[in-house]
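Take a look at the structure below.
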Amino acid sequence: MTTMQAVRIHAYGGPELLHHEDIPLPSLKPDDLLIRVRAAAVNPVDWKIREGYLQEFLNHRLPLTLGWDVSGEVVKVGPEVSAFAVGDEVYARPNIVRDGAYAEYIAVKASEVARKPATLDHIHAAAVPLAALTAWQALVDTAHLQAGQTVLVHAAAGGVGSFAVQLAKALGARVIGTASAVNTGIVTELGADQFIDYTKTRFEEVARDVDVVLDTVGGDTQDRSWQVLKPGGILVSILTPLPETSTAAPGARGAFVFVQPNAAQLASIGQLIDEGRMKPVIHTVLPLSEVRQAHALSQGGHACGKIVLHVAD
Ligand SMILES: NC(=O)c1ccc[n+]([C@@H]2O[C@H](COP(=O)([O-])OP(=O)(O)OC[C@H]3O[C@@H](n4cnc5c(N)ncnc54)[C@H](OP(=O)(O)O)[C@@H]3O)[C@@H](O)[C@H]2O)c1
2 MTTMQAVRIH AYGGPELLHH EDIPLPSLKP DDLLIRVRAA AVNPVDWKIR EGYLQEFLNH
62 RLPLTLGWDV SGEVVKVGPE VSAFAVGDEV YARPNIVRDG AYAEYIAVKA SEVARKPATL
122 DHIHAAAVPL AALTAWQALV DTAHLQAGQT VLVHAAAGGV GSFAVQLAKA LGARVIGTAS
182 AVNTGIVTEL GADQFIDYTK TRFEEVARDV DVVLDTVGGD TQDRSWQVLK PGGILVSILT
242 PLPETSTAAP GARGAFVFVQ PNAAQLASIG QLIDEGRMKP VIHTVLPLSE VRQAHALSQG
302 GHACGKIVLH VAD
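Heads up: take any position in the sequence shown, counting from 1, add 1, and you land on our numbering.
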């Protein structure tokens with residue numbers, strides 16, 4: 002077999018520019034794995050790239066296969082790969098500058114891949130890597146969140162937020178989560194100690210002396226977040242670069258995170274999942290043929306958890 006089905010864009014714009022095509026199988030670099038894609042998650046970065054918002058930052062060449070969350074099975078290993086074998090079940094957040102996982106096969110550098118959590122099927126495993134790694138790199142690597150500290154997670158019912166709440170609890174932190182009232186149940190079930198309905202309450206009027214804010218919303222939410230920080234606190238944004246300091250928060254600092262592939266962290270996340278301390282929340286599962294609907298849903302900005310594309314059984 003030399004060709005496969007993939008969903009690609011040839012130009013930037015709306016969801017109608019997502020095209021199902023027969024294209025050559027990805028060529029394998031010596032340190033790559035070829036993965037048979039079983040499921041791929043949709044993340045907001047997918048439609049942002051599709052719209053062309055990240056052109057200057059990522060410098061993609063078109064046509065481009067989208068989708069940077071994958072769970073599947075290794076079908077071929079490059080000559081320099083020793084850590085994996087054909088038949089291994091794996092998951093990854095592949096490098097975003099290469100072609101993604103809206104396809105029957107994807108080539109991924111072996112060092113970006115970890116074994117799929119044993120307790121998850123491919124649909125649930127595909128929902129994990131990008132969002133959970135983002136939460137990890139924001140809370141652990143950047144904020145150095147410690148047991149006993151308080152963290153405010155914005156959009157706690159979203160893809161990143163739902164993992165951030167669980168990770169913060171696993172680290173022993175006190176968690177405040179924001180979402181609209183319809184998501185009170187899920188945010189509380191994930192472990193939030195305090196829930197703020199952002200549609201009714203200004204979070205800065207009820208959250209105080211916070212050590213870490215995870216900003217997954219940006220704009221006015223980011224600006225107002227400084228006010229809740231204690232001296233020594235940190236505002237970590239995954240939306241936009243932000244000032245290192247603010248007069249609204251003496252002694253606090255700001256940091257921006259853009260998630261990177263990391264197999265070791267994926268393995269640790271998989272362990273937390275297999276221990277029952279973390280789980281993906283799935284908003285909906287759609288077939289790859291409905292990728293345009295999946296993008297429209299993601300772009301709507303109100304998914305509770307992850308949108309997953311079923312690619313193959
Ligand atoms: N820098 C990075 O590496 C990185 C990595 C991942 C994601 N991101 C970015 O981070 C953002 C979040 O990603 P995601 O995957 O978590 O998105 P998502 O799953 O699409 O987020 C949807 C959630 O946002 C909530 N929400 C919307 N407006 C809100 C507000 N004003 N306050 C609180 N919650 C609000 C919604 O809750 P309700 O329905 O209750 O309103 C919904 O549950 C996206 O812009 C994405 O591109 C960046």
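Even glycine gets a Cβ: it sits at the ideal position worked out from N, Cα and C.
Its chain contains ARG225 as the residues whose beta carbon lies nearer than 8 Å to that of ARG203, once the 5 sequence neighbours on both sides are disregarded; these appear in chain order. One alpha carbon belongs to ARG39, the other to VAL8, and they sit about 14 Å apart.
Within the same chain, Cβ atoms closer than 7 Å to the Cβ of GLY192 are found at VAL166, GLN167, LYS170, VAL176, the five residues on either side in sequence being excluded. The secondary-structure analysis by DSSP pairs ASP122 with nothing; it has no beta-bridge partner. Here the segment 69 to 80 makes no contact with the segment 141 to 159; the two share fewer than three CB pairs at distances below 8 Å.
At a Cβ-Cβ threshold of 9 Å, LEU153 and VAL75 do not count as neighbours. In this structure, PHE85 has its CB at a distance of at least 8 Å from all heavy atoms of ligand 1.
In the displayed model, ARG62 falls within coil according to three-state DSSP, outside both helix and strand. The straight-line gap separating the alpha-carbon atoms of LEU240 and VAL258 is approximately 8 Å. Using a Cβ-Cβ distance cut-off of 8 Å, the segment 237 to 257 and the segment 82 to 92 are not in contact, since fewer than three pairs of beta carbons, one from each stretch, lie closer than that value. In this structure ARG209 is exposed. Its beta-carbon is surrounded by fewer than 16 other beta-carbon atoms within 10 angstroms.
Between PRO27 and GLU81, the C-beta spacing is not below 9 Å. By the CB criterion at 9 Å, GLY162 and GLY173 fall outside the cutoff. In this structure, VAL129 has its CB at a distance of at least 8 Å from all heavy atoms of ligand 1. By alpha-carbon distance to ALA180, the top candidate from PRO288, HIS155, ARG99 is HIS155. Cβ atoms of VAL309 and ILE274 stay farther apart than 8 Å, at about 15 Å. Each residue's CA atom was taken as its position, placing ALA12 and ALA132 some 26 Å apart. Excluding residues up to 5 positions away in sequence, ILE10 lie with their Cβ nearer than 6 Å to the Cβ of ARG51 in the same chain. For ASP314, no alpha helix (DSSP H) encloses it, and the DSSP letter there is neither H nor E. Within the model, the alpha-carbon separation for ALA265 versus ALA115 is close to 7 Å.
The closest CA to that of HIS303, considering only THR285, VAL292, ASP314, is found on THR285. Residues ARG293, HIS296, ALA297 of the same chain have their beta carbon placed closer than 6 Å to that of PRO16, with the five preceding and five following residues left out of the count.
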